[in-house]
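Worksheet for the structure shown next.
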Amino acid sequence: MPNTAHPPTAPVLDTAYAQQLQCGRQWRGFLNALGQEFSAALPAQDVALLMARIGVRFASQNPLAASDTIEGLQAAMNAVWGPLDWGRVDIAQTPAGMDIRHRFCPLAAAFGTSQADWAVGFLQGAYQQWFDSAGAGGLKVQPVTGLDSLGSAQLRLGAA
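Sequential numbering of the sequence shown, starting at -12, is according to the numbering used here.
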């Protein structure tokens, strides 16, 4: 008798449920309102700069373990993000510079996806500070994409 069973399919991730897990309910309403107020009071570029300054401060308060390899730097960054439930990062050297792929950042869940373009500024500032501290002064971290609904964003370290 022939096997008529369907091949297994990958489970579908429920975005709304994933966002509930990414941002505690005690913070969700407050942070969403804060994000709306930022957007109403300031141009998106100014909010992105503010978020980048906050990211620099965060990275300064959470210095990385010393490393002399890309893999070690990535591991040191993930050692900061992981215990805070802030997702993870993958770094890859490319001809254009250093690609930085951050996944599962809680800011899209906290502020809402409509604020994702300026919320990525936090990651930009944090990575800029960490790369500067690692000796990459003169290079600049720039967002390639905003945060998607699951908190993934791509940034690039390259010539200023």
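Cβ coordinates follow ideal geometry from the N, Cα and C atoms, glycine included.
- Query: With a Cβ-Cβ cutoff of 8 Å, do V76 and L51 count as a contact?
  - Reply: no
- Query: Would you call the CB atoms of A121 and L144 closer than 8 Å?
  - Reply: no
- Query: Which one or two residues does DSSP pair with P130 in a beta bridge?
  - Reply: L142
- From R15 to D135, what distance separates their C-alpha atoms? 17 Å
- Taking the alpha carbon of Q111 as the point to measure from, which residue in A28, G69, I87 has its own alpha carbon closest? I87
- Assigned secondary structure, D104 (DSSP; H/G/I helix, E/B strand, else coil): helix
- Query: Does DSSP put G153 in a helix, in a strand, or in coil?
  - Reply: Only positions -12 to 147 of the chain appear in the structure, and residue 153 is not among them; the question remains open.
- Take A103 and list the residues in its own chain whose beta-carbon comes closer than 6 Å to its own, dropping the five residues that flank it on each side. A95, G133, L134
- Task: Could you tell me which of A146, V107, I78, V128 sits nearest to Q116, measuring between CA atoms?
- Result: V128
- Message: Measuring alpha carbon to alpha carbon, tell me which residue in S101, A147, A146 is nearest G22.
- Response: S101
- Task: May I ask which residues mark the beginning and end of the alpha helix (DSSP H) holding G42?
- Result: 31 to 48
- Who are the Cβ neighbours of Q141 in its own chain at under 6 Å, not counting the five residues just before and after it? R88, V131, T132
- Query: If we ignore side chains and look at the alpha-carbon of each, how far apart do N65 and A20 end up?
  - Reply: 29 Å
- Outcome for A27 when other beta-carbon atoms lying within 10 angstroms are tallied against a minimum of 16: exposed
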